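Residues 1 to 131 (full-length UniProt numbering) are what the sequence shown spells out, left to right.
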Amino acid sequence: MPRVKNGPYTKQRRKKWLNDAKGYWGGRSRLYQTARQAVIHAGTSAYKERRRKKRTFRSLAVIRLGAALKPLELSYSKFIHSLNLAGITMDRFVLSEMAIHQPEDFAGIVTMAKEALAVEAATRAAAKVEA
């Protein structure tokens, strides 16, 4: 059986890792073993950050909504509760964008939510009187 040499494939495989490590500092971009470890570590960090980004943008939307609701004299938590009572199913991202770019439409949604909150408060008061 002839001897099999694997040089071209090995070079190709190593070159792939080194190409992924382009722009890294020092031996991390030039030495195969350290480049490979750096690329693997960077990949895990990128994976974590993609998940963390979703949290960050959700908190940004919540902060924006809270700031938009303050002049309308409503807290964020009461607003979300009243949206659920009114049956309005819009996500926080759409609501925050609406608060920035279409404030009059957002104010209309807030009034609908306040009305739902007032109806719920009236039914609670009536139930409390009956009991």
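For every residue, glycine included, the Cβ atom is placed at its ideal position computed from N, Cα and C.
Just so you know, these numbers come straight off a predicted model, no measurement behind them.
At what residues does the alpha helix (DSSP H) containing Asn19 begin and finish?
7 to 20
For Phe93, the nearest candidate out of Thr56, Asn84, Gly27 (CA to CA)
Thr56
Closest by C-alpha distance to Val110, when choosing among Thr89, Lys22, His101, Leu69:
Leu69
Counting C-beta neighbours from all protein chains within 10 Å, is the total for Ala127 16 or more, i.e. buried, or is it exposed?
Taking a 10 Å sphere around the C-beta of Ala127, we find fewer than 16 other C-beta atoms and assign the residue as exposed.
Just checking my contact of residue 155 with Met112 at CB under 8 Å: how many whole Å lie between their CB atoms?
Nothing in the structure corresponds to residue 155, since the chain is present only between 1 and 131.
Quick one: what does DSSP say Leu117 is sitting in, helix, strand or coil?
Here Leu117 carries a helix assignment [DSSP, helix/strand/coil].
For Gly23 and Tyr76, the rounded distance between their alpha carbons:
44 Å
Run the CB neighbour count on Leu74, radius 10 Å, all protein chains shown included, and call it buried at 16 or more, exposed below.
Under this definition Leu74 is a buried residue.
Buried or exposed by the 16-neighbour rule on C-beta atoms within 10 Å, applied to Ser82:
buried
Let me check understanding here. Comparing Cα to Cα, which of Ala99, Glu49, Lys78 lies closest to Glu115?
That would be Lys78, whose Cα lies nearest to the Cα of Glu115.
Shortest alpha-carbon distance to residue 199 belongs to which of Ala67, Glu49, Lys54?
Lying outside 1 to 131, the shown extent of the chain, residue 199 is not represented and no answer is given.
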